[in-house]
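Participant: Here it is: the structure, laid out below.
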Amino acid sequence: MAEYNFKEVESKWQKQWEESNLYKVSNISDKPKYYVLDMFPYPSGAGLHVGHPLGYIASDIVSRYKRLKGFNVLHPMGFDSFGLPAEQYAIQTGQHPAITTDDNIARYKEQLKALGFSYDWSRELRTSDPSFYKWTQWIFKLIFNSWYNNNTDKAEPIETLIAKLNESGNQELNAACDEDTPAITAEEWNNYSEKEQQLLLLKYRLTYQAETTVNWCPALGTVLSNDEVKDGFSERGGHPVVKKKMPQWSMRITAYADRLLTGLDNIDWPEPIKEMQRNWIGRSNGAEIDFAVENSDEKIRVFTTRIDTIFGTSFMVIAPESDYTQPLTTKEQKEQVEEYVNIARNRSERERMSDAKNVTGVFTGSYAIHPFNGDKIPVYVADYVLAGYGTGAVMAVPSGDQRDFDFAKKFDLPIPLINDAQKITETEADPTKEGKIINSDFLNGLSPLEAMEKGIQEVENRGIGVRKINFKLRDAIFGRQRYWGEPIPVYYEDGIPKLVPDDELPLNLPKIDEYLPTEDGDPPLGRAQNWNYSGKSYELSTMPGWAGSSWYFFRYMDSQNSGEFSSDEARKYWQDVDLYMGGSEHATGHLLYSRFWTKFLYDLGIVEVDEYARKLVNQGMIQGRSSFAYRVNGENKYVSKALKGSYSTTPIHVDVNIVKDDILDIEAFKKFKSDAKDAKFILDNNKFECGWEVEKMSKRWFNVVNPDDLVERYGADTLRMYEMFLGPIEQSKPWNTNGIEGVYKFLRKFWSLYFSTGSFRISDESPTKEELKVLHGAIKKIAEDAENLSLNTSVSTFMIAVNELSTLKCNKREILEPLTVILSPFAPHITEEIWYLLGNKTSVVDASYPVLEEKYLIEDTIEYPVSVNGKMRAKINFPADASKESIEEGALNNETIQKWLDGKEPRKVIVVPKKIVNIVV
RNA sequence: GCGGAUGUGGCGAAAUUGGUAGACGCACUAGACUUAGGAUCUAGCGCCGCGAGGCAUGGGGGUUCGAGUCCCUCCAUCCGCACCA
């Protein structure tokens, strides 16, 4: 077999690997552990496209590299198999989503296996599998049975809360709870009925059911979490979303806001992801202040981060949905306010956002009293203030805040200046933090920063407010009115949610005959027969998509364990993920929720770590690169790109699979587009060139490139290396198959190093210094690149090494065997075959990474570029052990240099060892 | 508007972190071998110039003997957030 036959080689070894369970990993090992995790895919019907494997290939290379380096590597794969598409397909066809899902997974696995990934498939998991969601339900129960103690700053079992309530009520409690939790004494608590007690506990539980404003998507018939809504539309499907009040299961993620924020400092994640999470959590420091209301007992409590500007308050604004609205509206204004509130309430998110520039609002008729100077301040209702943030009311400082400014202009309210550095214009406020405070009584003369501190102190002294930290983060809605998700292990007794006992788990998803909501508007589970716990109905909503993915990384450690979430030994050994590879689109969803659950499990002592992924790398998105042929308007005629300027044309999408190097296969095009079969083609240089544009990879634009086709044509090893060669892993880029030939050519050249005159022939001669230098140079560079994931340059390094060895006609075992080993993470099949041909009985996977010998890299002489006044002149060789002095001496006395110096004395000589000699005249 | 990232040949990209810019690959050009092949090999390939040489890392300015790299400023593209008080 002198010719490299990738088909034969790849299928042979894939079969071998599978039969011998080569990639099975043990939880018991003396080796250090390394855990490489890919974000598991949702198995969609479309199969993998060429963008999906990008991260998988990179993580597989790292896994294989770490194995060679002597680590015990956990590298699992599974499927996030609950989700909307399978359910919608079920609604249309009646086919059970489990069947669709199984089919899709089978196809995904086939595709993944064809790429030669070193996954331990014995650990495969699926979130929709009862043996997996049993533990998702188990965690749900733990969360339900916990509360957050702000004093200890961790979650605790609900029993400790009950003990405190028995003892002293909730007066001394410092806990995360609902806003409307009443203050009660121990006596009151003890006099509560069982039901009343349970209702109160719900206000503390880390997952709870409450009437909440939710994102309701009528088209999908379900609620969505904040991160599933983009610009007022659902992320999946792009349907409009409205705000609606509904009783919903929620997770009290807000209890963890601070820890989720500070935890970011200890993990090696990309800065943009950390920044997105920081913004999403949105911590801000400030104060809450009470404003009295004229002729009323009401007080308006506002939140501000700029208490230094309090003397610039010329009006107040409350949110339309705010509880203040009703009591503050006077009789005269009632009609107007109600009308406004109604309009505001019925506007969709989308309308509200697109209309953000239009300032609207209505006077309530009430006046607040400035707490420091006693001024009368009119109170307005306006929808630019949100009910959900802070207190739902603001003190408006028009000179310092643009929204307040716009409002003041529109309603002709005063705009007092409170800072000597403020420069406001006709249209713009100035929120400066420079300058000194003016017109502000006791704050005068202070800098804004000083004034903030003094203001807060004063407010606290007078007992009219408190220092306060606010977060943008909201509790996460946890229920979905869908079928294809984990059942929530809860039933209802007398309207109180009760947990299904552990020994009844998993609570299996029941069979139903139709997947639509019931006639009464209940979720699909309302159709299930016997969906009850000894006569008491189970919860009808299911868990959201992010439930299973919030903890799956712990399950891989011991995924077949049926008695435990995972064994202590397994978790103690694997600890956490060393490298997590996945897309940045999960920044404020999965990547935040999973940190939350990990911290929770850590608090309960179930897991050992409070951050589960040390290092995260985001692979870039692969975009589509659409090809276009230019059709002459009004004629059945197409024109090559370079000539289209002379015609009036319309670009027509062309299937990228019939275009090579931007040259169109015209015969294939005639078949692709039936109405073009008699078309004329105006060529340029005998070729028809297509234009191209970057678009999302989608069937619609005929720009989907399927990895199977490329594996068929070039083999998995070529595709793997080409995807890495494309550019830095973190970078998004359009897919372009141009250039794959170069990698294919490389592998054939590599192969031919081992063959001469048609047969495998390898020499046992000792290598020359030059050959050793090539090898060790490669070992060094590849190891460095693998450590910091510069996999694109490693491919280049291999190409250079193979080219050089090929030029040197080197076929020596001592060189080629180690080269095979360092290439094996990148091209596992071809190297496995070579390894076998070299006479090894075990897999190349079990080889160890060759030891780098720096001595082969050290040169006898070093070539220094020599420059005069910063201008490069030539390279001159110096002995490798030359000192700075001897170089100066040598360089200055060099005849050529003397000529450049033109007889002048050098003013300065700079020698950077191994780098440069620069002479300044 | 706020936050983040990125700008280098015809294209994808390198650049040991301040030291010969464009490695490696694609495309292209010329040649060799060929029972013409989508095989292989050799050479060329940033721009201007016959040449010596000059100009080049989004634009402008600065620091330095020396800047793709550091500083200031402007511009463009992409991504995220968006009435968060």
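Using the numbering used here, you'd call the opening residue of the first sequence number 11 and step up by one each time.
For each residue, glycine too, the CB sits at the ideal point set by N, CA and C.
What would DSSP say about PHE836, mapped onto helix, strand or coil?
Facilitator: By one-based count along the first sequence, residue 836 stands at place 826. Looking at PHE836 - three-state DSSP - the assignment turns out to be coil, as it is neither helix nor strand.
Participant: When DSSP labels each residue in this structure, what does THR232 get in the three-state scheme?
Facilitator: Looking up residue 232 in the first sequence gives position 222. The answer is strand: DSSP assigns THR232 an E or B state.
Participant: Please give me, in chain order, every unbroken run of the beta strand (DSSP E) with length at least 3 that falls completely inside the stretch 453-526.
Facilitator: 475-480, 500-503, 506-509
Participant: Mapping DSSP to helix, strand and coil, what is ALA403?
Facilitator: Counting from 1 along the first sequence, the entry for residue 403 is found at position 393. It is a strand residue.
Participant: What residues match up with LYS22 in a beta bridge as DSSP calls it?
Facilitator: On the first sequence, position 12 is the one that residue 22 refers to. In the DSSP output, where bridge partners are listed per residue, LYS22 has none listed.
Participant: Could you tell me if the beta carbon of LYS43 falls within a distance shorter than 7 angstroms of some heavy atom in the ligand ATP?
Facilitator: Inclusion of the ligand ATP in the displayed structure is not the case, the ligand content being empty and no account of it being possible.
Participant: By DSSP, does ASP278 sit in helix, in strand, or in coil?
Facilitator: Counting from 1 along the first sequence, the entry for residue 278 is found at position 268. Strand at ASP278.
Participant: In chain order, what residues of the same chain have a beta carbon less than 8 angstroms from the beta carbon of LYS41, not counting five sequence neighbours either side?
Facilitator: Within the first sequence, numbered from 1, the residue matching residue 41 stands at position 31. Hits under 8 angstroms: GLY80, PHE81, ASN82.
Participant: Considering only DSSP beta bridges, list what PRO250 is partnered with.
Facilitator: Translated into positions along the first sequence, residue 250 becomes position 240. Beta-bridge pairing links PRO250 to PHE243.
Participant: Scan the stretch 855-909 and note each continuous alpha helix (DSSP H) run of 4 residues or more that stays entirely inside, going in chain order.
Facilitator: 894-903
Participant: Tell me which residues share the same chain as GLU733 and place their Cβ nearer than 7 angstroms to its Cβ, disregarding the 5 neighbours each side in the sequence.
Facilitator: Numbered from its first residue, the first sequence carries residue 733 at position 723. Result list for GLU733: PRO63, LEU64, ILE67, in chain order.
Participant: Got a sec? Which residues, its chain only, sit under 6 angstroms from THR608 by beta carbon, not counting five neighbours each side?
Facilitator: In the first sequence, residue 608 corresponds to position 598, counting from 1. Around THR608: TYR622.
Participant: Can you confirm whether the stretch 773-788 touches the stretch 711-723 when touching is taken to mean that 3 or more C-beta pairs between the two stretches lie within less than 8 angstroms?
Facilitator: no
Participant: Would you please state the rounded distance, in angstroms, between the beta carbons of PHE417 and ALA397? I believe it to be under 8 angstroms.
Facilitator: If you number the first sequence from 1, residue 417 lands on position 407. If you number the first sequence from 1, residue 397 lands on position 387. Actually they do not touch by this definition, with Cβ atoms about 17 angstroms apart.
Participant: In terms of DSSP beta bridges, what is GLU705 paired with?
Facilitator: By 1-based counting over the first sequence, the position of residue 705 is 695. GLY634.
Participant: Between the Cα of LYS755 and the Cα atoms of GLY536, ASN813, GLU699, TYR33, which residue gives the shortest distance?
Facilitator: In the first sequence, the residue the question calls residue 755 occupies position 745. By alpha-carbon distance to LYS755, the top candidate from GLY536, ASN813, GLU699, TYR33 is ASN813.
Participant: Using the C-alpha atoms, what's the distance from HIS839 back to LEU848?
Facilitator: Indexing the first sequence from 1 puts residue 848 at position 838. Indexing the first sequence from 1 puts residue 839 at position 829. LEU848 and HIS839: Cα-Cα distance of roughly 14 angstroms.
Participant: At what residues does the alpha helix (DSSP H) containing ALA220 begin and finish?
Facilitator: Along the first sequence, one-based indexing puts residue 220 at 210. Where ALA220 is concerned, there is no enclosing alpha helix (DSSP H), although the beta strand (DSSP E) it sits in stretches over 217-227.
Participant: In angstroms with no decimal places, state the Cα-to-Cα distance between THR660 and VAL642.
Facilitator: Here residue 660 refers to the residue found at position 650 of the first sequence. Here residue 642 refers to the residue found at position 632 of the first sequence. So the two alpha carbons sit approximately 6 angstroms from each other.
Participant: Could you give the first and the last residue of the continuous alpha helix (DSSP H) run that contains HIS596?
Facilitator: Working through the first sequence from its first residue, we reach residue 596 at position 586. Neither: HIS596 is in no alpha helix (DSSP H) and is coded neither H nor E.
Participant: Among residues of its own chain, excluding the 5 on either side of ASN748, which ones have a beta-carbon nearer than 7 angstroms to its beta-carbon?
Facilitator: If you number the first sequence from 1, residue 748 lands on position 738. Hits under 7 angstroms: ASP671.
Participant: Identify which residue in PHE836, GLU794, SER806, ILE772 has its Cα closest to the Cα of ASN821.
Facilitator: If you number the first sequence from 1, residue 821 lands on position 811. The residue from PHE836, GLU794, SER806, ILE772 with its alpha-carbon nearest to that of ASN821 is ILE772.
Participant: Do you know how far the Cα of ARG624 is from the Cα of ASP318?
Facilitator: As a working mapping, residue 318 is identified with position 308 in the first sequence. As a working mapping, residue 624 is identified with position 614 in the first sequence. If I take the Cα positions, the gap works out to 41 angstroms.
Participant: Could you give the DSSP three-state label for ALA302: helix, strand or coil?
Facilitator: In the first sequence, residue 302 corresponds to position 292, counting from 1. In the structure shown, ALA302 sits in a strand (DSSP, three-state: E or B).
Participant: Measuring CA to CA, which of LEU674, PHE679, GLY630 is closest to GLY737?
Facilitator: Stepping through the first sequence from its first residue, residue 737 is reached at position 727. Closest option to GLY737, Cα to Cα, is GLY630.
Participant: Going by beta-carbon coordinates alone, are THR217 and MET286 separated by less than 8 angstroms?
Facilitator: As a first step, residue 217 must be located in the first sequence, where it is residue number 207. As a first step, residue 286 must be located in the first sequence, where it is residue number 276. Contact: no.
Participant: Please give the ranges of any alpha helix (DSSP H) in the stretch 52-111, keeping only runs that are unbroken, at least 4 residues long and fully inside the region.
Facilitator: 63-78, 94-103
Participant: With a threshold of 6 angstroms on Cβ separation, who are the neighbours of LEU669 within its own chain once the five nearest residues in sequence on each side are excluded?
Facilitator: On the first sequence, residue 669 is found 659 positions in, with the first residue counted as 1. As written in the sequence, residue 669 is Val, which differs from the Leu given in the question. Cβ neighbours of VAL669 beyond the five flanking positions: SER637, CYS700.
Participant: Which parts of the stretch 613-666 are runs of the beta strand (DSSP E), unbroken and 3 residues or longer, counting only runs that do not cross its ends?
Facilitator: 626-628, 632-642, 647-649, 659-664
Participant: Using alpha carbons as the reference points, say which of LYS743, GLU863, THR906 lies closest to VAL60.
Facilitator: As a working mapping, residue 60 is identified with position 50 in the first sequence. The shortest Cα separation from VAL60 among LYS743, GLU863, THR906 belongs to LYS743.
Participant: Have a look at ASN289, SER21, MET87, LEU32 and flag the residue whose alpha-carbon is nearest the alpha-carbon of VAL854.
Facilitator: Within the first sequence, the letter at position 844 stands for residue 854. Distance check between VAL854 and each of ASN289, SER21, MET87, LEU32 places LEU32 closest, using alpha-carbon atoms only.
Participant: Ends of the alpha helix (DSSP H) at ARG710?
Facilitator: Mapped onto the first sequence, residue 710 falls at position 700. Unbroken run through ARG710: none, as it is neither H nor E.
Participant: In whole angstroms, what is the alpha-carbon distance linking GLU463 and ARG316?
Facilitator: The count along the first sequence starts at 1 and reaches residue 463 at position 453. The count along the first sequence starts at 1 and reaches residue 316 at position 306. Rounded to the nearest angstrom, the two C-alpha atoms are 10 angstroms apart.
Participant: Tell me where the beta strand (DSSP E) around MET326 begins and ends.
Facilitator: Taking the first sequence and counting its residues from 1, the one referred to as residue 326 is at position 316. That run of the beta strand (DSSP E) goes 325-328.
Participant: GLU703: which of GLN633, ILE739, THR340 sits nearest, CA to CA?
Facilitator: For the purposes of this step, residue 703 is taken as residue 693 along the first sequence, with counting starting at 1. The shortest Cα separation from GLU703 among GLN633, ILE739, THR340 belongs to GLN633.
Participant: Whole angstroms are fine: how far does the CA of ASN295 sit from the CA of GLN336?
Facilitator: Taking the first residue of the first sequence as 1, we reach residue 336 at position 326. Taking the first residue of the first sequence as 1, we reach residue 295 at position 285. So the alpha carbons of these two residues sit roughly 29 angstroms apart.
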